[in-house]
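Everything on this sheet refers to the single structure shown next.
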Amino acid sequence: MCKAEMMVQEEHTNNFGTLHGGMTTSLVDIVSTIALSTHKIAALGVSVDLHIEFLKAAPLGSEVVIEAKTTKAGRTLAFLEVLLTDKSTGDIIAQGSHIKFVGKG
Numbered sequence: 001m002c003k004a005e006m007m008v009q010e011e012h013t014n015n016f017g018t019l020h021g022g023m024t025t026s027l028v029d030i031v032s033t034i035a036l037s038t039h040k041i042a043a044l045g046v047s048v049d050l051h052i053e054f055l056k057a058a059p060l061g062s063e064v065v066i067e068a069k070t071t072k073a074g075r076t077l078a079f080l081e082v083l084l085t086d087k088s089t090g091d092i093i094a095q096g097s098h099i100k101f102v103g104k105g
């Protein structure tokens, strides 16, 4: 499991002044990979699938909590889930799933 927090700053926003979808996707990728690093596997691997559901906008100044967990780390694939929430309200901003190839190439 990995938990991180960030404040949405201007450089993280889109033209509407809310957290950019690309930034959200990067957070899902990075934090889930850190969660995977807590498991004894050969390598952190490469992404096979990355799926994001954007549920609510996070405006400039919002504090975002990112929590990632590994649901399964097998011999060749690892499956991870990520939840982004608004720290002040608990509202879900986005949720993601990440599958990584971790076996030998």
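If you're matching positions, the sequence shown starts at 1 in full-length UniProt numbering and goes up one per residue. Backbone N, C-alpha and C define an ideal beta-carbon position, used for all residues, glycine too. All figures in this text were calculated on a predicted structure; none of them were measured in a lab.
By the 16-neighbour rule on beta-carbons within 10 angstroms, S26 is exposed.
At a Cβ-Cβ threshold of 8 Å, I92 and K56 count as neighbours. Assignment of D91 by DSSP, reduced to helix, strand and coil, places it in the coil class. K100 sits close to G45, with the two beta carbons spaced by under 8 Å.
Beta-bridge annotation (DSSP): S97 is paired with H51 and E81.
For A35, the enclosing alpha helix (DSSP H) starts and ends at G21 to L36. Within the same chain, and ignoring the five residues on either side of L84 in sequence, the residues whose Cβ sits closer than 6 Å to its Cβ are V64, I66, I93 and A94.
Under the DSSP assignment, T18 falls outside any beta strand (DSSP E); it carries neither an H nor an E label.
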